[in-house]
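Student: Structure below; questions to follow.
Residue numbers (this note's numbering): 7 to 48.
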């Protein structure tokens with residue numbers, strides 16, 4: 007998985023861009039899911 011800092015930055019980006027476009031949220035969820043499936047990658 008990625009670092010907590012990376013996830014926090016991702017959430018901030020989503021919070022900022024979500025009112026403009028829903029796609030960043032979908033991308034972030036997909037990446038987060040992949041990261042959870044790959045806990046050994048850092």
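Cβ coordinates follow ideal geometry from the N, Cα and C atoms, glycine included.
So, residue 22 versus residue 31, is the Cβ gap smaller than 8 angstroms?
Tutor: Locating residue 22 in the chain shown gives position 16, where the first residue counts as 1. Locating residue 31 in the chain shown gives position 25, where the first residue counts as 1. No, these two residues do not count as a Cβ contact at 8 angstroms.
Student: So is residue 16 buried or exposed if we call it buried at 16+ other beta carbons inside 10 Å?
Tutor: On the chain shown, position 10 is the one that residue 16 refers to. It counts as buried.
Student: What three-state label does DSSP hand residue 25 in the structure shown?
Tutor: Walking along the chain shown from the start, residue 25 turns up at place 19. Coil.
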